[in-house]
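*Asks:* Structure below; questions to follow.
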Amino acid sequence: MRIDPTDYELEVNRLTRLKEQEYEALGEVDQEMANTKRLIEVATEDEALQQREVQRLQSLPGGFASEGEIDKARRAVLQSTQQRVGYENQLELLRKRRTRLEASERLANAQLETARVNLERTEIRSPIDGVIVNEDAELNTFVARGNPIVTIEDTTKVEVATSLRMDQLYWVLDQADRSVTPVAGEGRGYDIPETPAIVEFEIAGREGKVYRWDGRLLSYDGIGLDPTTRTVPVRILVDNPRAYRTDGGSAAVSGPSTLVRGMYVTVKLLIEPKTPLVVIPAAAMKPGNRAWEFVPDESVLEVSTQSSGPGDSTSATTLVSKANDDADPATTQDSGSDEKQNPDETVDETASERFDPSAWQAGRIVNRDSIFPVDSLSVAGVFAESDQDNPLQNGDKKWWVCEVQDQRMKAGAFVVVSPVGTVEGNTMPARMNTLDTSAVVSETTSATTHVSADSKNDVTKETAQ
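Quick note: the sequence shown, position 435, residue 435 per UniProt numbering, numbers continuous.
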């Protein structure tokens, strides 16, 4: 875009001539100063000559030079001195004049530079690559100084304005190996760790069409909380708004070609917290921020003999048989009674119907408290079919990302997800089917097994990730 440059070109030409004029004036002054210096030299020599004439007349014997001749010689000396002083004064004036002309030349040079800058500004070039969003001037119209001509929006980078709750800001600040500033200072409290982010945009009416851009959490957007929402405004910077990803991995689909102003997007921050976190199935969470964890403990198999009489002793084989009877009452009834009730039916006792102690892990169900959910997590494909016992979210298994303050529950721990009665004393003996555990671990990323709260009840339990 160009503005008519005629007036500015004439101004540049005028100031160029003015600068040349001042330069020529300086040359004239320099020449006059050189001439005056030569005149001073001549006047100085004439003064010295007249001074010697006076001395010669005074050195003659009496009667050879009259007083009038001596006074005349002295007058000639004074005239020579007066002429020399006049030339010196003229030289000083020329020096002052030259200083003034130098200042005038510098002023003309500055005015010329200003005129050249104004001439260059008649050709308007955008300092950024972007899109013209508004035109404030038309062709052949007068444009006043300072008035906007066009409005251009920078498209090389895009900022996303969003807000964080105070609990979300806590996890942003609690990150490992990410310092806010290299040197701690007074302004460190007003900075925020630069955190990778993912900006997602879902097209309305086309569920599942999600476009993603890579960004980074840059800084606070001002100081303080929003008085209405009580959240912290922050700025997300997307360095390349044209590079996006889709679920299918192909960009050749109908949709937005770039991230633009006005889109309602979702921002996900990729945080690496210092505080260890565990993923617990939603069904394992109990009221009061509690969960039941299965802890392997062979000591539950030990039988106390304090309450038994001297003649009462129970072998391990008898305990196992009793547990088998309680666990599978349908298969441990007396065969004779079955034959009496149903003489035509026989019980086919196979290996799978018998209790196998080696397939079970003894332990305790321990009550874990001080578990605080941080955020929900949906894991797709964990279960092939949905049922009412498993909490689902959009057809996926729902989990909770939790903070365990006492750190007693670690990743890989087994938690109970089925209803269990009251756990007295924070612990309860239980057993876990290790065969079911290995089968589920081989099929999914989380282990799902069965444990028994006593010899009769089975409960479902899963691993915390």
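Backbone N, C-alpha and C define an ideal beta-carbon position, used for all residues, glycine too.
Given this structure, state the Cα-to-Cα distance separating residue 312 from residue 301, to the nearest angstrom.
*Replies:* With a pLDDT of 44 at residue 312, under the threshold of 50, the modelled position of that residue is not reliable, and the figure given next carries that caveat. Their Cα atoms are separated by approximately 17 Å.
*Asks:* Can you tell me which of 413, 290 and 235 puts its alpha carbon nearest to the alpha carbon of residue 169?
*Replies:* Among 413, 290 and 235, the Cα nearest to that of residue 169 is on 235.
*Asks:* Should the stretch 68-78 be called in touch with the stretch 92-106, which here means at least 3 C-beta pairs below 8 Å?
*Replies:* These segments do not touch.
*Asks:* Residue 290 to residue 369, Cα distance in whole Å?
*Replies:* Approximately 4 Å between the Cα atoms of the pair.
*Asks:* In terms of alpha-carbon separation, which member of 82, 7 and 88 lies closest to residue 37?
*Replies:* Residue 37 has its Cα closest to that of 88, out of 82, 7 and 88.
*Asks:* Relative to the alpha-carbon of residue 275, which residue among 401, 141, 108 and 240 has its alpha-carbon at the smallest distance?
*Replies:* Answer by Cα proximity: 401.
*Asks:* Taking the alpha-carbon of residue 285 as reference, which of 150, 264, 415 and 165 has the nearest alpha-carbon?
*Replies:* It is 415 whose Cα lies nearest to the Cα of residue 285.
*Asks:* Please report the straight-line C-alpha distance between residue 104 and residue 146, rounded to a whole angstrom.
*Replies:* The alpha-carbon atoms of residue 104 and residue 146 are separated by roughly 30 Å.
*Asks:* Residue 428 bridges to which residues according to DSSP?
*Replies:* 365.
*Asks:* Can you have a look at residue 126 and say buried or exposed, based on whether 16 or more other CB atoms are within 10 angstroms of its CB?
*Replies:* Exposed, by the Cβ-count rule.
*Asks:* Go through its chain and collect everything with a Cβ distance to residue 219's Cβ below 8 Å, but skip five positions before and after it.
*Replies:* Result list for residue 219: 191, 192, 234 and 235, in chain order.
*Asks:* Give a yes or no on whether the C-beta atoms belonging to residue 362 and residue 297 are separated by under 8 Å.
*Replies:* A contact, by the Cβ cut-off of 8 Å.
*Asks:* For residue 134 and residue 150, which I take to be in contact (beta-carbon distance under 8 Å), what is that distance rounded to the nearest angstrom?
*Replies:* With a Cβ gap of about 7 Å, residue 134 and residue 150 count as contacting.
*Asks:* Following the continuous alpha helix (DSSP H) through residue 167, name the residue where it begins and the one where it ends.
*Replies:* First-last of the alpha helix (DSSP H) with residue 167: 166-173.
*Asks:* How would you label residue 195, buried or exposed, when you count the other beta carbons within 10 angstroms and need 16 or more for buried?
*Replies:* Buried.
*Asks:* What residue range is occupied by the uninterrupted beta strand (DSSP E) comprising residue 268?
*Replies:* 266-269 is the span of the beta strand (DSSP E), which, as asked, contains residue 268.
*Asks:* Look at the alpha carbon of residue 215 and the alpha carbon of residue 243, and state the distance between them as a whole number of angstroms.
*Replies:* If you take the alpha carbons of residue 215 and residue 243, they lie about 11 Å apart.
*Asks:* Using 10 angstroms around the beta-carbon of residue 227, count the other beta-carbons present and answer buried if the total reaches 16, otherwise exposed.
*Replies:* Its Cβ having fewer than 16 others within 10 Å, residue 227 is exposed.
*Asks:* Over the uninterrupted alpha helix (DSSP H) stretch that includes residue 23, give me the two end residues.
*Replies:* 6-59 is the extent of the alpha helix (DSSP H) around residue 23.
*Asks:* Under the assumption that residue 238 contacts residue 157 (Cβ atoms under 8 Å), give the Cβ distance between them as a whole number of angstroms.
*Replies:* That belief holds up - the Cβ atoms of residue 238 and residue 157 are roughly 7 Å apart, short of 8 Å.
*Asks:* Buried or exposed for residue 132, going by 16 or more other Cβ atoms inside 10 Å?
*Replies:* The residue is exposed, with fewer than 16 neighbouring Cβ atoms inside 10 Å.
*Asks:* Out of 164, 199 and 272, which has the shortest C-alpha to C-alpha gap to residue 229?
*Replies:* Looking at the Cα atoms, 164 is the closest of the given residues.
*Asks:* Would you decide whether residue 211 is buried or exposed? Buried here means 16 or more other CB atoms lie within 10 Å of its CB.
*Replies:* Answer is buried; the Cβ neighbour count reaches 16.
*Asks:* Under a Cβ-count criterion, where at least 16 other Cβ atoms within 10 Å of its own Cβ denotes burial, should residue 85 be classed as buried or exposed?
*Replies:* With fewer than 16 Cβ atoms within 10 Å of its Cβ, residue 85 is classed as exposed.
*Asks:* Please report the residue range of the alpha helix (DSSP H) in which residue 71 lies.
*Replies:* Start and end: 67-120.
*Asks:* Is the beta carbon of residue 411 less than 8 Å from the beta carbon of residue 364?
*Replies:* The answer is no: Cβ separation not under 8 Å.
*Asks:* Can you have a look at residue 20 and say buried or exposed, based on whether 16 or more other CB atoms are within 10 angstroms of its CB?
*Replies:* Exposed, because fewer than 16 other Cβ atoms sit within 10 Å of the Cβ of residue 20.
*Asks:* Which same chain residues end up closer than 6 Å to residue 153 when comparing Cβ atoms and leaving out the 5 residues on each side of it in sequence?
*Replies:* Closer than 6 Å at the Cβ level, and outside the excluded window around residue 153, lie 130, 131 and 133.
*Asks:* For residue 45 and residue 90, what's the separation of their Cα atoms in angstroms?
*Replies:* Rounded to the nearest angstrom, the two C-alpha atoms are 18 Å apart.
*Asks:* Please report how far the alpha carbon of residue 273 lies from the alpha carbon of residue 240, in whole angstroms.
*Replies:* Looking at the two C-alpha atoms, the distance is approximately 27 Å.
*Asks:* Under the rule that 16 or more other beta-carbon atoms within 10 Å means buried, what is residue 397, buried or exposed?
*Replies:* Classification for residue 397: buried.
*Asks:* Apart from the five residues on each side of it in sequence, which residues of its chain come closer than 6 Å, Cβ to Cβ, to residue 319?
*Replies:* The predicted model places residue 319 with a pLDDT of 38, which falls under 50 and marks its position as unreliable; any figure quoted below should be read in that light. For residue 319, where only same-chain residues beyond five positions count, there are no Cβ hits under 6 Å.
*Asks:* Could you compute how far the alpha carbon of residue 50 sits from the alpha carbon of residue 81?
*Replies:* Taking the straight line from one Cα to the other gives about 10 Å.
*Asks:* Locate the beta strand (DSSP E) running through residue 277, then write down its first and last residues.
*Replies:* Unbroken run through residue 277: none, as it is neither H nor E.
*Asks:* Of the choices 279, 376, 283 and 115, whose alpha-carbon is the least far from that of residue 404?
*Replies:* The residue with the shortest Cα to Cα distance from residue 404 is 279.
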